[in-house]
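What follows is a single structure, written as structure tokens, with notes after it.
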Amino acid sequence: ATLDDVKARGKLNCGVTTGLVGFAAPDANGNWEGFDVAVCRAVAAAVLGDPNAVEFVPTTGKTRFTALASGEIDMLARNTTWTFSRDTDLKFDFVGINYYDGQGFIVPKALGVTSAKDLDGATVCIQTGTTTELNLADYFRANNISYEPVPIETNAEGQQQYLAGACDAYTTDASGLAATRATFETPSDHVILPEIISKEPLGPLVRHGDNDWGDIVMWTLNALIAAEEYGVTSANVEELSAAAGDNPEVNRLLGTEDNLGAMIGLDATWAKDAIAAGGNYGEIFEKNIGESTPIGLARGLNAQWTEGGLLYAPPFR
Amino acid sequence: MSDTHAESVAFVRETAIPPALPPATVSGPVKWMRDNLFPTWANGLLTVAALYIIYLILSSSLPWLLGGIWNAESLAQCREILQGNSAACFAVLSERWNQLLFGFKYPPELYWRPTLAFVLLFIAAAPVLFFDLPRKLLIFTGIYPFLAYWLIWGGTILTPLIALLGVVVGYLVFNRFVKGSFAAGMFGGVAAALVVWILGGMVFSGADLFSLRSVSSRDLGGFMLNMMLGITCVSLSVPIGIALALGRQSDLPIVKYICVVFIEFIRGVPLITLLFVASVMLSYFFPPERTVDLFLRVVIMITMFSSAYIAEVIRGGLAALPKGQYEAADSLGLDYPQAMRLIILPQALKISIPGIVNIAVGLFKDTTLVSVITLFDIVGMIRGPILASTDWNGVYWELFMFASVLFFIVCYSISQYSQWLERRLATDHR
Amino acid sequence: MTEAVEMKVSDEIAISIQNMNKWYGTFHVLRDIDLTVYRGERIVICGPSGSGKSTLIRCINALEEHQKGRIEVDGTMLSSDIKNIDKIRREVGMVFQHFNLFPHLTILENCTLAPIWVRKIPKKTAEETAMHFLKKVKIPEQADKYPGQLSGGQQQRVAIARSLCMRPRIMLFDEPTSALDPEMIKEVLDTMIELAEEGMTMLCVTHEMGFARQVANRVIFMDEGQIVEQNEPEEFFKNPKSPRTKLFLSQILGH
Amino acid sequence: MTEAVEMKVSDEIAISIQNMNKWYGTFHVLRDIDLTVYRGERIVICGPSGSGKSTLIRCINALEEHQKGRIEVDGTMLSSDIKNIDKIRREVGMVFQHFNLFPHLTILENCTLAPIWVRKIPKKTAEETAMHFLKKVKIPEQADKYPGQLSGGQQQRVAIARSLCMRPRIMLFDEPTSALDPEMIKEVLDTMIELAEEGMTMLCVTHEMGFARQVANRVIFMDEGQIVEQNEPEEFFKNPKSPRTKLFLSQILGH
Amino acid sequence: MTTLSDPTQESFRLSMLLNDTRYRSITFQAIALILLVAAIWYLMSNLFANLEEQGLNISYSFLGSTAGYDINQTLIPYSSQSTNLRAAFVGVLNTLLVAVLACVMATIFGVIAGVLRLSNNWLVRKLMAVYVEIFRNIPVLIWILIIYFIMTAAMPAPSAFRGDEPAASMILGSFAFTNRGVYIPSPVLEPGWMIVVATFVASIIGIVAYRRYSTKLLYDTGRLLPRFWPSVAIFFIPTLLVFFLMGRPISLDYPALAGFNFRGGLQIGAPLIALWFALSIYTGAFIAENVRAGIQAVSRGQSEAAAALGLRPGRIMNLVVLPQALRVIIPPLISQYLNITKNSSLAILVGYADITATLGGITLNQTGRAIECVLLLMLFYLTISLIISLILNVYNSAVRLRER
Ligand SMILES: Nc1ncnc2c1ncn2[C@@H]1O[C@H](COP(=O)(O)OP(=O)(O)OP(=O)(O)O)[C@@H](O)[C@H]1O
Ligand SMILES: Nc1ncnc2c1ncn2[C@@H]1O[C@H](COP(=O)(O)OP(=O)(O)OP(=O)(O)O)[C@@H](O)[C@H]1O
Ligand SMILES: NC(=O)CC[C@H](N)C(=O)O
Ligand SMILES: [Mg+2]
Ligand SMILES: [Mg+2]
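Note that the protein sequences, when read in sequence, are chains A, R, E, H and S. The numbering of the first sequence is my numbering, which starts it at 14 and goes up by one. The numbering of the second sequence is my numbering, which starts it at 888 and goes up by one. The numbering of the third sequence is my numbering, which starts it at 3 and goes up by one. The numbering of the fourth sequence is my numbering, which starts it at 3 and goes up by one. The numbering of the fifth sequence is my numbering, which starts it at 13 and goes up by one.
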């Protein structure tokens, strides 16, 4: 079973993107950082008690599924869209959604384009092997306009092609566009078009068939979300977990009451470790892609359900 | 005898004519210029055209190269310094130097280890490449792989030590029995080595002697990864290549066809599909509970790839040997393994070295393909982390030029070596 | 030319070939060869190119397989049994037209290789034997050189010494002098004559008729895969019986 | 050996070489060569290896450039003028040690190539001429084979025929028999003797002393780039004057 | 009798398996076979166990389902509604297209560089040596990337052609070099175009016929007609004449800037150009070496013999050296062609939709059918390489020098 493998290895192999600032990218010292990376670290913390016990395996849109299917990685947290065929035909299990997204376009301001429908005849850069590639084909066909795709392997290359003017527009998940734009020299010269042409629920996934492992990843993610809902932060998690408090849900979450951890084969402090690793969902969001960062994404759909968003962690009980 | 011409007959020279220096028209720079640059009218035009091309290349690249900026923190800063002038921003090299060479995850404080391994490589390779050096040095060559493994991956020294011990014991046993019969030597050697490995594994499991901090192979990267892949795969594929070549030459049809099919199959598909197999399919062929390290899988595939090519080179070497050598060995009563080991292979391999070196160069260049399956070799580093970073987005020339220069230095020197060797063998053999 | 070598032929049979036939594919190279060689005999085989001379002597030490008939060398029958083949090859030394020395080994190593690996003789002893025979062929001082550094004649003498180091009881020579420059032929022939004087059983394919006259006690003429004529050298050269032999001799002695 | 060929030497000068010198880089290969060849002469050049024999005859048809002195062939002075070189090469045929037949052409094509393209002779006529000379060298039946299918001796005879097809007035031979097996040497020598009998002017580098005795009317001995001695064959072989010649002859006639 | 039928019919002993040449080989082969079968069985059983464990199966039905993605360069009609099989087919054609183009170009580069490397002009010789060494010693992957980056970063975008004072302009008003590719005029055929084309074809045949005739004339009468200028004349004059007489039935469609891109004309996409150019210039360096080696392999004796017969240098080259050199050059040349085909699989680096990028890339990824796709991919390349080596063998046996 995967859990045993991970424990025996002492490291979690986690698939991430080859480099998308804010989601997963190595910094100048080679440390991986980002929104997806934080999920990996949380799982590693929950399972092994050490948020740094992760081997990050960079994958492209093309290699990610084979890496997961062949067992090279234990889980994939690479802004991957939950789709029917990936879940069923490719035999993966999506364990949740960590970012509700949709596909958008970015174009240079100088082009004077204000709507995706104006892109008739344009050259569009697109990452191969992604849902966005398929959506793009559908969208242009449905609107009966023509385009020319320039398939590229990684976001980095897409960005280069786009900046060099080899394509008029670049399309991918809106979050990815924002992250990419943030790295531009003059981000204000580029606009993200208003159209969102698809639903892109992004979430971590594991191989089908090992439900125990799937549960661990699923509930680690839920723990992060729930922690935000209940106000458990990296700052107060130590204090809250020192002794049982007055919120029984928090107590159960942090292992001071009942022993949920044992039910999934982990320590009682699993959720505490996960939260301590990088903070709760809100903290992770703010730190990596939130409005205070150059990427500047608003919470929008990704706010807690209590705040009008879609994040809704099932009860810990 | 009739009318022979008296004046031409009975000529005898009494003294030797001393050799004289050739007249000036035969040598000298003017003559050289005339012969080599302007022998004919059309040729002169060609010279002028060539000069113009050289001028074009130099005039466009030299200012760019010489005006390069070496100190800056990002491309933006570079541009600031340049103030609109066009010149190289080599600062990316100084800033990412270590990443380019070692990848972005090899612990910086351990850089000395691969560096040391690299330096030792020269000592280890020397006796293989230059026959004149004392044969004793080969001992170090034998030790080197184990040492390099220890230095690069770290961990306890016991692992490579036991592996080395096994090989040594195996070799001794082989040597002891090979005179009796090759099969006995071979099996004895392998068995002895296995025994040592198993025993060693049992006795020392968990022991922790001279432990270096261990580094996982995922963390290898940069040019170091190219070098490692190149060297490992070539050295592994030589013995396999020999076996395949002998198999293909053999008159046992089944053995022969197995080898032919293998060789032709491997040579028929691009390396990149084999690498896809390594990254996508190979783990399906291993027992479910064991996942093999991607590095190892890549090594397996590249080794298979190069061994097929090396087999063809060695087959050429075998074919180049006169049939008489086989017959002489036979007529002296040597059996097949003896004839091969003592007579045929030493000669065939020597002939094949230039070819093998060429394959090695090709292979070394092909190690860059691993970037396609997301290993971070030097090209992978450039295409991925470095170009994707905010600081250096847009610096292509400098980076690719750097990589090109590295490859050029290595490949060019190897191919010069191989040409030198070819010349030497040509005179050596007569 | 010096006197013909004194003959020491015994009654013991060294090689006996009976009704031997060989084909290359469908090409019938050797036809019904019958030949008995007694110990101490010195036989010269001649004949036009392609007549199967080389093939015949190569069959004797199993470098080529024959398809019909029997060959017995020194009492051992040549069969597909490796043991027998090995045994025969140890008894029979062979010297090739193109010497076939091992260019990657020194002269001494060339001479000791087979004794060490086949006869399992200690290296020391093997080297002593080798030096002995190198002295005999008059080039002991070249022992540490490589074949490439010697002249053709010297190389051929080394090849002879190399064969002798295995202490064979029979020597086969396949045109040992025909790849040599005229100046060097003599050196090699001298060595062979010396060998003959010591009573070695020899089969020699050669067109050096002087050598045949002086050394051989039987000359065999082959054509189209058959032994056409055999006789004592005197008789053979003076009164060739078959017209083909006559033609051949006229050509070869002609110019 | 048959009688020495009857000589028909005229007074007309075929080749005149005066004070010719040649260097390879700074290496002085030919020194002060003076040589006059009369029409119908048959000259054999001998000398140790590296003495410049090949270089000398290659200078005559401008395969090598000489740097000093003058060479006149058939009244045409050899200069760097392409016209002159062409003219001389048409007059002078050359036969090489290694035949240098064109392996991708049949024997007939080998023989007709130059007449057609250089002499602009219609193909029909060229083929007739070629067959004529092939008959002369006794291999008309091989006309449609490829060089690789012939024996060395045959190839060399084709090479002679090929030269003859250009109807040269002078023939140069550079060791034409030294790459041949003994049996084939005779064929080629016979062809050359026949040619000599017809009065062809010939310069021949060879070590076949029998040929020299029988055919040549002058033998030239070269050493270290100089002509050391020249004489009638009788005299040359009987009474070599210079000690170097003596040494050389003793070696070559030795065995 | 010995080998085949021994009179003393010795009975079979076990030791004969090792000692008798007849049985020994059978023994070894049996061992080899057993090892092979065992290895295959081991791998296969692992494969099926793994597949089963993950609930996967091997099926090729995905080939018939909708591909769903678009391809920018197709030689046959294709849309995102086509099947994966058709996408694969588009890839096959694209692979062949770039391979053929690169083979032609590489041959041109290689022959020029190889011949110039033997030039007696020192400077040119050195320059070519530099070209060969630089391109041979740097990985083709880097060349592809560099050339692609030159294309995209150094060439103007189509937008640069826009505006009143455009930063870039079309060459001769009809060729546009942009970072998305090169746009050139494409021919538009009007009635009567067939005649022009037919004339052109006829004049090419005419050139060949003329050259044949001049050779024949030489052979028959010994008269050598000039060849070069008449050939040039035949090449141009009739076609031009007919073209104008017919009232210019072939016109050109010029590319023009419309919207985001150029429209009209013929577009050769940047990925294609980059790949094409990189493969040609890289392989050209290798071919140059083959050409040089081939010419040098013809022994000096050959040209000397020809010179001694009075042939001029040009003729020596045409009649003696080249026919022989080609035999040496063509086999390695053909294997360089195979290398080009194999190296074209690096197309994914520049987003060129070859078979590796479609079947082995996007389809593989969208459907997750890794094993099937990779197998098909290998099959394709194997077929190509078998065909090429077949051609090689046919060629080799056709030109083999006849020997005794
Ligand atoms: N391996 C082979 N396959 C087919 N035919 C062969 C083979 N070896 C030799 N032959 C043919 O067998 C015949 C006899 O060859 P062999 O070498 O014995 O002749 P030989 O008398 O030694 O001639 P030579 O004097 O030229 O050495 C020749 O016609 C030759 O062409
Ligand atoms: N192209 C060359 N460059 C430099 N030296 C040369 C060249 N060709 C020949 N030589 C040298 O010139 C000398 C004379 O050579 P040449 O071939 O004329 O000798 P030779 O008398 O014909 O000898 P052989 O009998 O071996 O053919 C030799 O020392 C040779 O090494
Ligand atoms: N841009 C990406 O790499 C991911 C695209 C998209 N979310 C997918 O899963 O296919
Ligand atoms: Mg023979
Ligand atoms: Mg010479």
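Think of the CB as a built atom: it goes at the ideal place given N, C-alpha and C, for glycine as much as any other residue.
- Listed in chain order, the positions of the segment 364-398 of chain S with a beta carbon within less than 8 Å of a beta carbon of chain A are A365, A369, G373, I374, L376, N377, Q378, T379, G380 and A382.
- At least one heavy atom of ligand 2 lies closer than 7 Å to the C-beta of V31(H).
- Residue pairing by DSSP leaves M920(R) without any beta bridge partner.
- At least one CB of chain S lies nearer than 8 Å to the CB of I84(E).
- Under the three-state reduction of DSSP, E68(A) is assigned to strand.
- Within chain S, the residues whose beta carbon sits less than 7 Å from that of L115(H) are L331, listed in sequence order.
- Contact between the segment 249-266 of chain A and the segment 199-209 of chain A is absent: fewer than three C-beta pairs spanning the two stretches fall below 8 Å.
- For K24(E), the secondary structure class from DSSP, reduced to helix, strand or coil, is strand.
- Within the segment 12-65 of chain E, complete alpha helix (DSSP H) segments of at least 4 residues are found at 55-62, given in chain order.
- Partner residues in the beta bridge of R72(H), as assigned by DSSP, are Q20(H).
- Within its own chain, the residues whose Cβ lies closer than 7 Å to the Cβ of A1235(R), once the five positions on either side in sequence are excluded, are I1201, G1204, L1205 and L1208, listed in chain order.
- Residue pairing by DSSP places P121(A) opposite H203(A) in a beta bridge.
- Of all residues in the segment 31-62 of chain S, those with a C-beta nearer than 8 Å to a C-beta of chain E are N31, D32, T33, R34 and R36, reading in chain order.
- Residues of the segment 163-184 of chain A with a Cβ closer than 7 Å to any Cβ of chain S, in chain order: V163, P164, I165, E166, Q174, A177, G178, A179 and D181.
- Counting of Cβ neighbours within 10 angstroms places T114(E) among the buried residues, the total reaching 16 or more.
- For the options A1012(R), I1044(R) and P1021(R), the alpha carbon positioned closest to that of G1029(R) is the one of A1012(R).
- Among the CB atoms of chain A, one or more fall inside 8 Å of the CB of V1167(R).
- Taking 7 Å as the cut-off, the C-beta of N111(A) does not count as close to any heavy atom of ligand 3.
- Taking a C-beta distance under 8 Å as the contact criterion, V112(S) and V303(S) do not qualify as a contact pair.
- Taking 3 residues as the shortest admissible run, the segment 157-215 of chain H contains the following complete beta strand (DSSP E) segments, listed from N- to C-terminal end: 172-176 and 203-207.
- Membership of R275(S) in the beta strand (DSSP E) is indicated by the continuous run N273 to R275.
- Counted as a single uninterrupted DSSP element, the beta strand (DSSP E) harbouring P164(A) occupies residues Y160 to I165.
- Apart from the 5 residues on each side of it in sequence, A218(H) sits with its Cβ closer than 8 Å to the Cβ of R44, I45, V46, C206 and P235 in its chain, given in chain order.
- Look at T247(H): its beta carbon is at least 7 Å from all of the heavy atoms in ligand 2.
- From the beta-carbon of D82(S), the residues of chain A found nearer than 7 Å are A150 and P162.
- Excluding the 5 residues flanking it on each side, I383(S) has same chain C-beta neighbours closer than 7 Å at I70, in chain order.
- Sequence-distant partners of E304(A) (beyond 5 residues in either direction) whose C-beta falls short of 8 Å from its own C-beta, in its chain, are L310 and A311.
- Within the same chain, Cβ atoms closer than 7 Å to the Cβ of A172(S) are found at P178, A179 and A180, the five residues on either side in sequence being excluded.
- When Cβ-Cβ separations below 8 Å define contact, P71(A) makes contact with chain R.
- Shortest gap from the CB of T127(H) to any heavy atom of ligand 2: 7 Å or more.
- Taking 8 Å as the cut-off, the beta carbon of I83(S) is found no closer than this to the beta carbon of T379(S).
- By the neighbour-count criterion, in which a residue is buried when 16 or more other Cβ atoms sit within 10 angstroms of its Cβ, D1253(R) is buried.
- The segment 213-225 of chain A and the segment 78-92 of chain A touch, with three or more beta-carbon pairs separated by less than 8 Å.
- Residue range W999 to L1016 is occupied by the alpha helix (DSSP H) that includes F1005(R).
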